[in-house]
Every structure is written in structure tokens, then in C-alpha cells.
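Chains as they are written, first to last, in this note's numbering: chain A, 34 to 171; chain B, 34 to 171.
Think of the CB as a built atom: it goes at the ideal place given N, C-alpha and C, for glycine as much as any other residue.
Number of protein chains: 2
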Amino acid sequence: MFSIGELSKRTKVKIPTIRYYEGMGLLAAPERTTGNQRRYDAAGLERLSFIKHARDLGFSIDAISALIELQDHPDRSCQAATAIAAGQLLDVRAKIKRLRTLEKELVRMSKGCDGDGVSQDCYVLASLADHDLCAHEH
Amino acid sequence: MFSIGELSKRTKVKIPTIRYYEGMGLLAAPERTTGNQRRYDAAGLERLSFIKHARDLGFSIDAISALIELQDHPDRSCQAATAIAAGQLLDVRAKIKRLRTLEKELVRMSKGCDGDGVSQDCYVLASLADHDLCAHEH
DNA sequence: ATACGATCTCTAGTGGCTAGAGGTTCAAGA
DNA sequence: TCTTGAACCTCTAGCCACTAGAGATCGTAT
């Protein structure tokens, strides 16, 4: 049995965030001391670790709720979990794609400008003002 | 002189967003009709296009404010604008790096799981539960 | 004159936390 | 046993960049 501070240290999840997860129903409300303080056990630690890990991988709270549902009902098929992970992968890939386009554009923008001169001639500002100067759609 | 709806159509920025930008001080408050409706001119259109373009490239509202400041004071050096763009580039690259790590991990996770079997054996759920099954730090 | 779409302001909600106020409890040392 | 001080409690508000909705008013075409 350990306190919320201890749980926070072990999982590297901040204390208000732990309480927030509890409020959201992601994390079961733990036992309390007579003085109303939370006391966690190994199960709480495991679950929070799971949540932390999934958040680090970019899963939304909703997706994590769904995954936890699946965890708690081992009779259900693994397909659903795999589908959620696949969705997350698509999401991540779409974000990468978009960011790579932005990266290219920003590199192009910065190259055009040697950092001298005044703003009228600044390629960065000119590029932002006029989309036609862009090489890619974004 | 055109309405906010017209401006919205031309820039593809939604009407509430335009008003939000005005409230934030990004976009100058335009003239009004006697009936209190906003009426924009070419300058407003240009500025909003600039903002839209910068937002599409991922610049924060703060960064855009700074860029607009520079635009409005052409006597200042272009270096500042270039620095902001460089910062944005670093940001974008950091995000890409992180997402690529996530992508690898998600691919690895999904591959371990053939979609059959029940949750106890689900590699997706197992991987999330146990960080040690991960190949990369994230 | 009337209809009706466009606009107005204002408030509240989104996601995923984070910060702070103001009060209570726990645990270690004297 | 008492005291101190860190840790904890709840509650509200704030962050970013919008988005949605209510309820009222305006503009324009017929």
C-alpha cells in the first residue's frame, strides 16, 4: 500500500494527472486512509503503468479506455485491440507525413533568406505572405 | 469591402476563428457597417492569408504575432524572422523524430499479434502492460 | 413588407492536463 | 506526547487554438 506521491514517483505520472485519470474513470478509485488519503496497491500501479505507456505512444484517453475494457474482458477477441493499435499507427503516419511536408517548406523558406537585409526582402516573411512562393501544398 | 463570410470563403478560415484572431489581436478590428457588421478590405484579406499560412505551417499564435510585428516594422532585421522560422523547424523535426519512434514501436506491436486468440495472449495488450517488451525508449 | 440567410455577442465545451488557493493529514524527531 | 513540515485533500481556473450553440439583430432580394 503506497501513497499517491509514491505512485507518482514510480510511474513518472504527475499527481494531478493521476487524480485526473481517476476522475475520467481510467483508473479505479483506490482505497482511502481514515484521513481520506489514497492508498494504492500493485494492481493500481500496473494499470497506471499501462495508461502511461499507452499515452506515451500517443493513444487518446478514449482509445485507452477501450483497451482497458478489452483487458478487463479477456473473453473478447484480440482483434479489437489490434484494430485500435492499427488506427493509432495510421494516425502517427499521417502526422509524420504532414510534418515532413512542413519541414521541407520551412527548410526552403530559411534557405532563401541569408538573415541580412530588412523585412521587405525577408524571404521568410515574403513566403508566408504569398502562398504561391511555396513548393508544396500544406 | 466584403463581409466576414466572404473573407472566410476566400481564406478558408472559419468565421468564429476570424473573430477569435481579432480578439487575440492578431487581426486588426475592421470597419463596421451602421448595423455593426464587420467589413474587410484587401489589407485584412492579406493579413488573414498570412496568418492562415503560418498556422498551416504550425507556427503558434505567439510566433505569428512576432512575425506580424516584424512585418509592420520593416526597419528591423530579417534575422529575427529567420530565427523564428528556424525555431519552428527544430520543433517540427523533434516532433518527426518522436513520431518515427512511436511508429516503429506500433508496427512491432501489431506484428506480434495475428489478431486471433484472446486478450491474455494479445501482444498489443501485453506490450502496453509491460514496457520491457518494447524495443525503443519513448 | 416580408422572409430568410448572414451576422452579432456571449458563454461554454473540447483534450489532456497544469497551477494555485486554502485547508487537512501523516510520519518522523524531540 | 507533541510538534513540525512535507505530503495530501478538494475545488476552481487556466492553458492552446479553436468550435458549437443560444438568442438576438442585420442585410438584401423579392
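Just to confirm the assignment, what range does the alpha helix (DSSP H) spanning residue i have?
i, result
"His86 of chain B", "Ala75 to Asp89"
"Asp108 of chain B", "Segment: none, Asp108 of chain B is in no alpha helix (DSSP H) and carries neither H nor E."
"Lys144 of chain B", "Gln112 to Lys144"
"Gly56 of chain A", "Ile48 to Met57"
"Ala162 of chain A", "Tyr156 to Ala162"
Using a cut-off of 8 Å between C-beta atoms, extract the partners of residue i located in chain B.
i, result
"Leu81 of chain A", "Result: empty, since nearest Cβ-Cβ is about 11 Å, beyond 8 Å."
"Ala62 of chain A", "Those do not exist, as Ala62 of chain A stays about 21 Å from chain B at its closest Cβ, beyond 8 Å."
"Ser36 of chain A", "Simply none; closest approach about 23 Å."
Out of the options, which one is the CA nearest neighbour of residue i?
i, options, result
"Glu136 of chain A", "B:Glu64, B:Lys128 and B:Thr134", "B:Lys128"
"Asp105 of chain A", "B:Ala159, B:Ile37, B:Leu78 and B:Arg43", "B:Ala159"
"Ser82 of chain A", "A:Glu64, A:Arg71, A:Ile101 and A:Thr67", "A:Ile101"
"Ala76 of chain A", "A:Cys167, A:Met34 and A:Leu161", "A:Met34"
"Lys144 of chain B", "B:Thr66, B:Leu90, B:Cys167 and B:Tyr73", "B:Cys167"
"Tyr23 of chain B", "B:Ser41, B:Ala118 and B:Asp163", "This structure does not reach residue 23 of chain B, given that chain B is present from 34 up to 171, and the question cannot be answered."
"Tyr29 of chain B", "B:Lys45, B:Ile84 and B:Arg126", "It is not possible to answer for residue 29 of chain B, since the shown part of chain B is limited to 34 through 171."
"Asp58 of chain A", "A:Asn69, A:Ala96, A:Thr44 and A:Thr66", "A quick correction: the sequence has Gly, not Asp, at residue 58 of chain A. Measuring from the Cα of Gly58 of chain A, the nearest candidate turns out to be A:Ala96."
"Leu122 of chain B", "B:Asp108, B:Arg43, B:Cys111 and B:Ala87", "B:Ala87"
"Asp108 of chain B", "A:Ala162, A:Pro49, A:Phe92 and A:Cys155", "A:Cys155"
"Arg65 of chain A", "A:Ser36, A:Ile48, A:Thr44 and A:Glu79", "A:Ser36"
"Val125 of chain B", "B:Gln112, B:Val46, B:Ala99 and B:Ser93", "B:Ser93"
"Ala172 of chain B", "A:His171, A:Asn69, A:Met142 and A:Thr67", "Examination of residue 172 of chain B is not possible in this model, given that chain B is present from 34 through 171 alone."
Could you name the residues of chain A that residue i contacts, counting a contact when the two beta carbons are closer than 7 Å?
i, result
"Gly91 of chain B", "Leu135"
"His86 of chain B", "Leu161 and His164"
"Ala119 of chain B", "Ser143"
"Arg126 of chain B", "Glu136"
Among all the DSSP beta bridges, which residues are the ones paired with residue i?
i, result
"Val64 of chain B", "Just to set this straight, residue 64 of chain B is Glu in the shown sequence, not Val. Looking at the DSSP assignment, Glu64 of chain B forms a beta bridge with B:Arg72."
"Phe35 of chain B", "B:Tyr73"
Using a C-beta to C-beta distance shorter than 7 Å, which residues of chain B count as neighbours of residue i?
i, result
"Val140 of chain A", "Leu122"
Mind listing the chain A neighbours of residue i? Cutoff is C-beta to C-beta under 8 Å, in chain order.
i, result
"His171 of chain B", "Asp89 and Leu90"
"Ile129 of chain B", "Ile129, Leu132, Arg133 and Glu136"
List the whole-angstrom C-beta distance separating residue i from residue j, where the pair is believed to meet the contact cut-off of C-beta under 8 Å.
i, j, result
"Leu139 of chain B", "Leu132 of chain A", "The pair is not a contact, with the Cβ atoms about 16 Å apart (cut-off 8 Å)."
"Thr134 of chain B", "His164 of chain B", "Actually they are not in contact, since the Cβ atoms of Thr134 of chain B and His164 of chain B sit about 14 Å apart, beyond 8 Å."
"Thr50 of chain B", "Leu78 of chain B", "Actually they are not in contact, since the Cβ atoms of Thr50 of chain B and Leu78 of chain B sit about 15 Å apart, beyond 8 Å."
"Gly38 of chain B", "Ile48 of chain B", "7 Å"
"Arg80 of chain A", "Leu103 of chain A", "Going by Cβ atoms, the distance from Arg80 of chain A to Leu103 of chain A rounds to 13 Å, so no, they are not a contact pair."
"Pro63 of chain A", "Arg71 of chain A", "5 Å"
Please compile the residues from chain B whose C-beta is within a distance smaller than 9 Å of the C-beta of residue i.
i, result
"Leu100 of chain A", "Val157, Leu158 and Leu161"
Does the ligand FAD have even one heavy atom less than 7 Å from the beta-carbon of residue i?
i, result
"Phe83 of chain B", "What this structure holds is no ligand at all, so the ligand FAD is not there to describe."
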